[in-house]
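Respectively, the protein sequence lines represent chains A and B.
Heads up, the first sequence is in the UniProt record's numbering, so the first residue is 1 and it goes up one at a time.
Heads up, the second sequence is in the UniProt record's numbering, so the first residue is 1 and it goes up one at a time.
The beta carbon of each residue, even a glycine, is placed where N, CA and C say it ideally should be.
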Amino acid sequence: MDAILLQFLNGLDKGGAYALIALGLTLVFGTLGVVNFAHGALFMLGAFCAVTFNKLLSLEKVVAHPTEKTAWGTPVEIRTPYVEAWLGDFGAFLVNYSVPFSIIVAIPVMLVIGIVMERGLIKHFYKRPHADQILVTFGLAIVLQEIIKHYFGANPIPQAAPAVVAGSADIGAWLGLGDGLVYPWWRLVYFGFAAAVIAAVFAFLQFTTYGMVVRAGMRDSETVGLLGINIQKRFTVVFGIAAVVAGLAGVMYTPILPPDYHMGMDFLVLSFVVVVVGGMGSLPGAVLAGFLLGILQSFASMNAVMSIFPGINQIIIYLVAVVILLTMPRGLLGREGVMEE
Amino acid sequence: MSKLTMTRRGLLKAGAASGVALAAPLSFVRGAHAESFCNMPTGSTVTLGFNVPQSGPYADEGADELRAYQLAVKHLNGEGDGGLLNTFSSKALKGNGILGKKVEFVTGDTQTKSDAARASAKRMIEKDGAIMITGGSSSGVAVAVQGLCQEMGVIFMAGLTHSNDTTGKDKKRFGFRHFFNAYQSGLALGPILADQLGTDRTAYHLTADYNWGWTQEESIKNTTEGLGWQTANAVRTPLGAGDFSQYLTPVLNSGADVLVLNHYGKDMVNSLTQAVQFGMREKQVNGKDFQIVVPLFSRLMAQGAGENIKGILGTTNWNWSLQDEGSQAFVKSFGQEYGFPPSQAAQTCYVQALLYADACERAGSFEPPAVIEALEGFEFDGMGNGSTLYRAADHQCFKEVLVVKGNEAPSSQFDLLEVVKIVPRDQVTYDASIFGGDLGPSDVRKC
Chain A
1 MDAILLQFLN GLDKGGAYAL IALGLTLVFG TLGVVNFAHG ALFMLGAFCA VTFNKLLSLE
61 KVVAHPTEKT AWGTPVEIRT PYVEAWLGDF GAFLVNYSVP FSIIVAIPVM LVIGIVMERG
121 LIKHFYKRPH ADQILVTFGL AIVLQEIIKH YFGANPIPQA APAVVAGSAD IGAWLGLGDG
181 LVYPWWRLVY FGFAAAVIAA VFAFLQFTTY GMVVRAGMRD SETVGLLGIN IQKRFTVVFG
241 IAAVVAGLAG VMYTPILPPD YHMGMDFLVL SFVVVVVGGM GSLPGAVLAG FLLGILQSFA
301 SMNAVMSIFP GINQIIIYLV AVVILLTMPR GLLGREGVME E
Chain B
1 MSKLTMTRRG LLKAGAASGV ALAAPLSFVR GAHAESFCNM PTGSTVTLGF NVPQSGPYAD
61 EGADELRAYQ LAVKHLNGEG DGGLLNTFSS KALKGNGILG KKVEFVTGDT QTKSDAARAS
121 AKRMIEKDGA IMITGGSSSG VAVAVQGLCQ EMGVIFMAGL THSNDTTGKD KKRFGFRHFF
181 NAYQSGLALG PILADQLGTD RTAYHLTADY NWGWTQEESI KNTTEGLGWQ TANAVRTPLG
241 AGDFSQYLTP VLNSGADVLV LNHYGKDMVN SLTQAVQFGM REKQVNGKDF QIVVPLFSRL
301 MAQGAGENIK GILGTTNWNW SLQDEGSQAF VKSFGQEYGF PPSQAAQTCY VQALLYADAC
361 ERAGSFEPPA VIEALEGFEF DGMGNGSTLY RAADHQCFKE VLVVKGNEAP SSQFDLLEVV
421 KIVPRDQVTY DASIFGGDLG PSDVRKC
C-alpha cells in the first residue's frame with residue numbers, strides 16, 4: 001500500500017512537469033500551428049533563471065587572507081556574500097528562498113524570450129511545412145543549450161529548496177498509515193504549483209475577454225481577423241505565455257533535478273508524446289495525458305511490475321501511446337481537423 | 001642505317017636525367033621504408049592525441065583532463081615548474097620533449113560516446129599523425145578506443161575508466177590503465193564498510209545500465225555479501241535517467257538499510273540528491289540508521305551533489321589533499337596554472353602522459369613494442385599514489401586506493417572529500433586471471 005501511494009505521488013509530480021510543458025506546446029501549436037521543438041529549451045532556460053538568480057544572490061566579496069596560503073601557494077580567499085553583508089538576516093532569507101523568488105525574475109525574462117523568439121524567428125516559419133518548423137526550432141534548442149553549457153558548464157548545478165520545505169513530509173502519519181511513509185516536501189509543493197499554474201492558464205483562457213478572443217482565434221483566426229482584431233499580436237503574447245509556463249515549470253523543478261544544459265531535451269520527446277496522446281491542440285488533453293502517463297510510468301517502475309516485465313518502465317509511455325493512437329487516432333481529447341489536412 | 005653518336009653534352013644530359021629518374025622513386029621508397037610503425041615521428045616534433053569528453057555529461061571532467069594534458073606537455077617540453085618530473089622516481093625525462101623531439105598535441109571530443117570517441121581517435125591517428133592516444137571519461141569509451149588502438153598499432157593510455165573489463169576481459173596489448181577499477185574499489189571499501197556499518201546489513205543497488213555499472217555492481221555485491229550482507233535487490237537504471245524517484249521509492253519498502261549507488265557523474269549527483277530528499281539520510285530500518293554508499297567518488301561529482309555527500313563513503317583514485325611529495329607537487333603546479341586544485345581525472349591523465357613519455361625515453365624508441373615492453377612490469381614512485389606497478393599480465397596499475405567520505409566540515413569549496421583510509425597496494429592486488437581476456441600481440445603496424 002505504501003509503495004503504491006508513493007509511486008502515485010511520484011507519478012503526480014512527473015505528470016505535473018509533463019503537463020506543464022505539454023500545455024505550453026499545445027498552446028503554441030493550437031494558436032500558431034507551430035511545432036516548437038525549442039519548447040524543452042524554454043523549460044531549461046527557466047531553470048537557469050533560478051540558477052542565475054541564486055548566483056547573483058550568492059555573489060561574494062573576495063579578499064585575500066593576509067597570511068594563510070592554499071596548497072598551491074596563493075593566498076587563501078576570504079569570501080563574504082554581499083547580500084548577507086548588506087542586509088543581514090534578510091539577506092540570508094533571500095538566499096534561502098532563492099528558488100521561489102526566482103519566479104519573479106523568470107516571468108518577465110521568459111515572457112521577453114518567448115516574444116523575441118516568436119517575432120525574431122518563429123513568425124518567418126508560419127507558412128512553411130512542419131518539417132521546416134521542427135528543423136529550425138530544434139536547431140534553436142541546440143544553440144540555446146550550447147550557450148548555457150558555455151556559460152554554466154556541463155555539470156548539474158544543485159539548487160536548494162527553502163529550508164522549511166527541504167525535508168520530507170510524514171504523509172504516513174497524516175493518513176494513519178504508520179510512521180515510515182515520507183515524501184519530499186518540495187515534490188508536494190511542485191505538484192501544488194503545477195496544478196495552480198494549469199488552473200491559472202485555463203482561467204485566463206476561459207474567463208477573460210483576451211482569452212476568449214485567443215480561443216476564438218484558435219478555432220478560426222481568419223474570421224477573428226476580419227472582425228478587426230489583431231489576432232497575430234495576441235498569438236505572440238500567447239507564445240510568450242507558453243514560454244513563461246515552461247520557464248516556471250523549469251524554475252520550480254530545480255530542487256528536484258539539479259539543472260543542466262540538457263534537461264530540456266530530456267523532457268521534450270516525452271512531452272510531445274503527451275501532446276499527441278492528449279490530442280493535438282487540446283489543452284485539457286495535454287494536462288490529462290501528462291498526469292496519466294506520469295502515473296503509468298511511475299507504476300511501471302515498481303519492482304513487482306519490473307520483475308514480470310523487465311524494462312517496461314522505459315517503454316510504457318510509448319506502448320500506451322501506440323495503443324491509444326490505434327484505438328483513438330485523434331488522441332484522448334483531440335479535435336477533428338487538427339493535423340488532419 | 002643511322003649512326004648513333006654521343007656528344008659530351010648529350011652524355012651529361014642523359015646521365016643527369018637518368019640520375020633524377022632513378023633517384024626520384026628511391027626517395028619515395030626511402031620514405032616508405034622510413035616509417036616502420038604507425039606515425040613514426042620523422043621531424044623535430046612528436047604528436048600526442050588527447051581524446052577527452054568536450055561535450056556531453058562528462059564535459060567538465062574532460063575539461064579538467066585537457067588542462068592536465070596541456071600541463072604535462074608544458075612540463076615535458078621543459079616549461080613551467082616541471083611538476084611531477086621533479087618527484088618521479090624515473091629520471092629518464094629531461095624536460096627536452098620526448099627523445100629530444102618537442103611534444104605537440106591534437107585534441108578530439110569523445111562526447112562520452114563510444115562511436116564518436118573511436119571516430120575522433122581514428123582522425124587523430126590518420127590525419128593528425130598522433131603516435132599515442134590518451135584520455136576519455138567512460139569505460140565504454142575506453143574499451144572502444146582501446147580496441148581501435150590495438151587494430152592500428154598505436155599505444156592507448158586510458159584516462160578515467162573504472163570498469164573491470166578495461167584491463168579484464170577487454171584488455172589489449174596496446175592499452176594501459178593507471179586508474180583503479182571497480183574490483184579494487186570493492187577490496188578497499190569492504191573492510192571500512194564492515195567497520196563503520198557492521199556485517200549485518202541489507203543492501204539495495206541502483207546501477208547505471210552499462211559496462212561500468214555492471215562490473216561495479218558485481219564487485220561491490222561480491223564484497224558486501226562476503227562481509228555477510230544480504231542483497232535486497234539490484235535494479236538497473238538507464239544512463240542519464242534524470243529523475244530517479246521512481247527507482248528510489250521501492251527502496252523505501254524493500255527492507256534494505258543500505259543504498260548502493262553504482263552511478264557516476266550527473267547520474268550520481270541526481271540519484272544521491274533525490275535519495276536525500278526522500279529522507280533516506282534520516283531513515284531507520286531494521287533498527288539501524290539507513291546508509292548510502294557511493295563506491296566511485298570524485299571531487300567534481302561531490303561539487304555537483306553539494307551538501308548531500310556529507311558523511312557518505314566511497315573510493316577514489318586520488319585526492320588533492322594527499323600530503324605526499326608527488327601529490328603536493330602536482331597540486332602546486334596545477335593550482336598555480338589554473339587557480340584551483342586538480343581532480344582525480346586530471347591527475348590520472350597527467351600521469352599517463354608522463355608515463356608514456358618516460359617509457360619512450362627508457363626504451364630509446366617510439367616503436368610501440370619497445371614502449372610496451374618498457375611499460376610492462378614497470379615499477380615507479382613519486383606520482384602521488386605511493387609505489388606503483390604497471391602489471392605486465394593485464395596492464396593495470398597497482399597502487400594505493402583511497403577510501404573517502406563526504407567532508408562534514410569542509411574548509412573550502414574544494415575540500416569536499418575527507419580521506420578515511422589509504423588502502424595499501426597489496427590489499428587491492430588481485431589475480432590477473434580472474435577476469436579472463438587476452439592482451440593479444442604487440443606487432444609493429446603501419447597505419
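Look at A:Ala71: its C-beta is under 8 Å from a C-beta on chain B. For B:Ala203, the enclosing beta strand (DSSP E) starts and ends at Thr202 to Ala208. Per the Cβ contact rule, the segment 221-231 of chain B is not in contact with the segment 163-180 of chain B (fewer than 3 Cβ pairs under 8 Å). By the CB criterion at 8 Å, A:Asp260 and A:Pro158 fall outside the cutoff.
Considered as a whole, the segment 139-164 of chain B harbours 139-152 as its complete alpha helix (DSSP H) runs of no fewer than 4 residues, in chain order.
For B:Leu252, the C-beta contacts it makes with chain A under 9 Å involve Asp2, Ala3, Leu6, Gly180, Leu181 and Val182, in order along the chain.
Take A:Val244, set aside five residues on each side of it, and the residues of its chain with a beta-carbon closer than 6 Å to its own are Ile107, Met110 and Leu111, in chain order. Listed along chain B are Pro250, each with a C-beta nearer than 7 Å to that of A:Met302. Minimum Cα-Cα distance from B:Glu367 among the listed residues B:Gly153, B:Gly56 and B:Ser89 corresponds to B:Gly153. Here the alpha carbons of B:His263 and B:Arg236 stand approximately 10 Å from one another. B:Ile131 is the residue among B:Gly311, B:Ile131 and B:Thr215 whose C-alpha sits nearest the C-alpha of B:Cys360.
With a cut-off of 8 Å on Cβ pairs, the segment 266-284 of chain A is in contact with the segment 23-30 of chain A, counting three or more such pairs.
Listed in chain order, the non-local C-beta contacts of B:Gly335 below 7 Å within the same chain comprise Pro341, local neighbours out to five positions each way being set aside. Interface annotation for the segment 337-359 of chain B against chain A: Gly339 and Pro341, criterion Cβ-Cβ distance under 8 Å.
Selection A:Ile78, A:Leu140, A:Leu56 and A:Phe48 evaluated against B:Ser411 yields A:Ile78 as nearest (Cα-Cα). Of all residues in the segment 14-31 of chain A, the ones placed with a Cβ closer than 9 Å to any Cβ belonging to chain B are Lys14 and Ala17, in chain order.
Between B:Gly129 and B:Gly80, the alpha-carbon positions lie close to 26 Å from each other. Listed in chain order, the alpha helix (DSSP H) runs fully inside the segment 210-293 of chain A are 231-253 and 263-278, counting runs of at least 4 residues. When beta bridges are read from the DSSP output, B:Asp289 appears opposite B:Gln284.
Note: B:Arg425 is not bridge-paired with any residue in the DSSP secondary-structure output.
Residues of chain A with a Cβ closer than 7 Å to the Cβ of B:Leu300 are, in chain order, Asn155.
With the criterion set as a beta carbon lying under 8 Å from some beta carbon of chain A, the members of the segment 222-250 of chain B are Asn233, Val235, Pro238, Gly240, Gly242, Asp243, Ser245, Gln246, Tyr247, Thr249 and Pro250, in sequence order.
At a cut-off of 8 Å between beta-carbon atoms, A:Gln145 makes no contact with chain B.
Boundaries of the alpha helix (DSSP H) around A:Phe90: Asp89 to Asn96. Here A:Phe138 has Phe37 and Ala38 as same chain residues with Cβ atoms under 8 Å from its own Cβ, once five neighbours each way along the sequence are excluded. Rounded to whole angstroms, the separation of the alpha carbons of B:Asp165 and B:Trp212 is 8 Å.
Counting C-beta atoms within 10 angstroms of its own C-beta, A:Arg128 has fewer than 16 neighbours from the protein chains shown and is therefore classed as exposed. Per the C-alpha coordinates, the member of A:Leu292, A:Phe291, A:Ile308 and A:Ile312 positioned closest to A:Ala300 is A:Ile312. Within chain A, Ala71, Trp72 and Gly73 have C-beta atoms less than 8 Å from the C-beta of B:Lys332, given in sequence order. In chain order, Gln246 make up the part of chain B whose C-beta sits under 8 Å from the C-beta of A:Asn313. DSSP, read as helix, strand or coil, puts B:Leu252 in helix. Annotation: the continuous alpha helix (DSSP H) that includes A:His130 extends over His130 to Phe152. Taking the beta carbon of A:Ser298 as reference, the chain B residues within 7 Å of it are Gln246, listed in sequence order.
The C-alpha of A:Met302 is placed about 10 Å away from the C-alpha of A:Ile308.
Ranking A:Ile229, A:Val83, A:Thr254 and A:Gln7 by CA distance to the CA of A:Val99 puts A:Thr254 first.
Among the residues of chain A, those whose CB is under 7 Å from the CB of B:Asn270 are Pro156, Leu257 and Pro258, following chain order.
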